[in-house]
Amino acid sequence: MKIVIFAGGTGRRLWPISRKSSPKQFEAIIGTRSTVQLAVERVEATYGLENIFISSNVQYLDILQRQLPRLPEENFIGEPARRDLAAAVGLAMTHLARRFDKTEQVAIIWGDSYMSKPATFLELLNTAGHLLEAGQAKIIFIGETARFANENLGWIGLGEKRGDANGQPHYAFDSWVYRPPLDECRRMLAAGKYVWNTGYFVTTVGFMCQAYQEHQPEMWASLQEIGLAIGRPEYQAVLAELYPELPVIHFDDAIAKNIHLDEALVLHGNMGWSDPGTLYALKEAINPDGRANVKKGLVLADDSNDCLLYNYEAGKLLVAIGLEGMIVVNTEDAILVVHKDDVPLVKQMVDGLAGTELESYG
């Protein structure tokens with residue numbers, strides 16, 4: 002099985018930890034290693050570095066190669082422009098199709114998520130591989146067993162149970178629900194027929210190429226032209242000419258939502274997965290206790306609860322007294338103080354820096 006890790010997002014909702022010049026997936030926001038390093042570590046021992054590929058914007062390839070020096074250079078796939086995930090996944094599939102047989106299994110995962118129980122994740126990948134090999138499905142979505150009513154995530158609806166493989170039940174795919182209101186999340190959690198959508202899936206190179214050809218024929222035609230240049234001196238020029246002209250569309254809208262229900266299955270488990278997409282989500286990922294504080298660096302907290310307190314400046318003491326549900330992040334060039342309920346406004350603020358004298362802080 003080949004593993005493709007996507008690591009091209011900008012992570013504006015995690016500002017000032019995450020910046021355009023060095024997004025969240027390259028920062029040690031949990032522990033001492035970046036989330037993309039952790040993503041590689043989870044699968045390295047089982048699948049081998051030669052079978053792990055990284056897809057990202059070309060401006061981040063130097064960072065990636067520094068953080069992952071043992072990964073083969075040819076396994077880094079650079080996108081010359083931001084065209085959203087349909088184009089990014091399509092380019093990765095084009096590369097794999099040029100190097101491997103169409104029956105090759107491939108797992109698509111994301112480099113900015115966190116997981117506390119990687120053994121469960123590896124078991125699900127293994128089961129997905131067996132189901133594909135047995136012809137039980139063409140694509141298998143991997144979800145996280147919902148732990149609480151999370152309104153900041155997408156959810157996957159489970160259809161009827163189709164069987165068990167390796168001791169794990171698998172289900173028909175029923176539906177997508179994207180960031181439903183909190184009351185709806187509570188209803189789905191109580192129903193027990195929905196799981197969190199991690200965005201992970203396992204399929205084959207051939208099926209994914211077929212899906213692009215069927216559902217995005219114009220995009221696929223351009224990707225095929227790019228594919229013919231892979232390994233040739235003109236590749237970078239062809240890529241730079243054609244890739245920026247691909248439509249900006251999310252993978253879910255372009256491909257996933259068009260896949261026939263009878264071609265898909267869903268596996269899920271308790272992987273301890275979370276998507277620290279906002280600063281408070283990061284706090285919840287590290288410690289979901291509503292009374293606990295999460296601290297990094299030289300920090301003192303007195304009579305404070307449910308706070309994320311990150312201090313990146315050595316030699317400076319960050320002191321929090323009497324705070325409740327606050328986010329305080331101190332970096333070398335910026336300080337953020339925001340209540341957890343207003344964290345969604347961070348992205349809006351960062352977007353507003355574009356084109357101003359403060360753009361370099363974004």
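Residue numbers for the sequence shown, in my numbering: 2 to 363.
Quick reminder that beta carbons are idealized off the backbone N, C-alpha and C, glycines included.
Just so it is clear, the structure is predicted and the values come from calculations on it, not from any experiment.
Subject >> THR357 classed as buried or exposed, judged by whether at least 16 other C-beta atoms fall within 10 angstroms >> reply: Residue 357 sits at position 356 when you count from the first residue of the sequence shown. The residue is exposed, with fewer than 16 neighbouring Cβ atoms inside 10 Å.
**OP:** Taking 8 angstroms as the cut-off, decide whether the C-beta atoms of VAL239 and LEU97 are in contact.
**Re:** Here residue 239 refers to the residue found at position 238 of the sequence shown. Here residue 97 refers to the residue found at position 96 of the sequence shown. Contact: no.
Original post:
Taking only runs of the alpha helix (DSSP H) that begin and end inside the region 276-340, which ones reach a length of at least 4 residues, in chain order?
Top reply: 280-287
Original post:
When you compare only the Cα positions, how much space is there between GLY351 and GLY363?
Top reply: Along the sequence shown, one-based indexing puts residue 351 at 350. Along the sequence shown, one-based indexing puts residue 363 at 362. Note on residue identity: the sequence assigns Val, not Gly, to residue 351. Cα to Cα, the separation comes out at about 6 angstroms.
Original post:
Candidates ASN58, ARG71 and VAL338: which alpha carbon is nearest LEU50's?
Top reply: Here residue 50 corresponds to residue number 49 of the sequence shown, with the count starting at 1. Nearest C-alpha to LEU50: ARG71.
Original post:
Rounded to whole angstroms, how far is the Cβ of LEU190 from the Cβ of ALA147, which I believe are closer than 8 angstroms?
Top reply: As a working mapping, residue 190 is identified with position 189 in the sequence shown. As a working mapping, residue 147 is identified with position 146 in the sequence shown. That belief holds up - the Cβ atoms of LEU190 and ALA147 are roughly 5 angstroms apart, short of 8 angstroms.
Original post:
What whole-angstrom Cβ distance do ASN58 and LYS3 have, given they're in contact under 8 angstroms?
Top reply: Here residue 58 refers to the residue found at position 57 when the sequence shown is read from its first residue. Here residue 3 refers to the residue found at position 2 when the sequence shown is read from its first residue. So it is not a contact: roughly 21 angstroms between Cβ atoms.
Subject >> Beta-carbon proximity check, ARG14 vs LYS348, cutoff 8 angstroms >> reply: Within the sequence shown, the letter at position 13 stands for residue 14. Within the sequence shown, the letter at position 347 stands for residue 348. Yes, these two residues count as a Cβ contact at 8 angstroms.
Original post:
Looking at SER305 and LEU319, is the spacing between their C-beta atoms short of 8 angstroms?
Top reply: Mapped onto the sequence shown, residue 319 falls at position 318. Mapped onto the sequence shown, residue 305 falls at position 304. No.
Original post:
Nearest-angstrom Cα distance between THR128 and LEU359?
Top reply: If you number the sequence shown from 1, residue 128 lands on position 127. If you number the sequence shown from 1, residue 359 lands on position 358. Between THR128 and LEU359, the C-alpha separation is close to 49 angstroms.
Subject >> Segment contact flag, the region 169-176 with the region 87-102, C-beta cutoff 8 angstroms, min 3 pairs >> reply: no
Original post:
Where does the unbroken alpha helix (DSSP H) through GLU219 begin, and where does it stop?
Top reply: Residue numbering aside, residue 219 sits at position 218 when the sequence shown is read from its first letter. First-last of the alpha helix (DSSP H) with GLU219: 218-230.
**OP:** Locate the alpha helix (DSSP H) running through THR205, then write down its first and last residues.
**Re:** By 1-based counting over the sequence shown, the position of residue 205 is 204. Careful: THR205 lies outside any alpha helix (DSSP H), inside the beta strand (DSSP E) at 195-205.
Original post:
Along the chain, which unbroken stretches of the alpha helix (DSSP H) at least 4 residues long are found entirely within the region 235-272?
Top reply: 236-243 and 252-255
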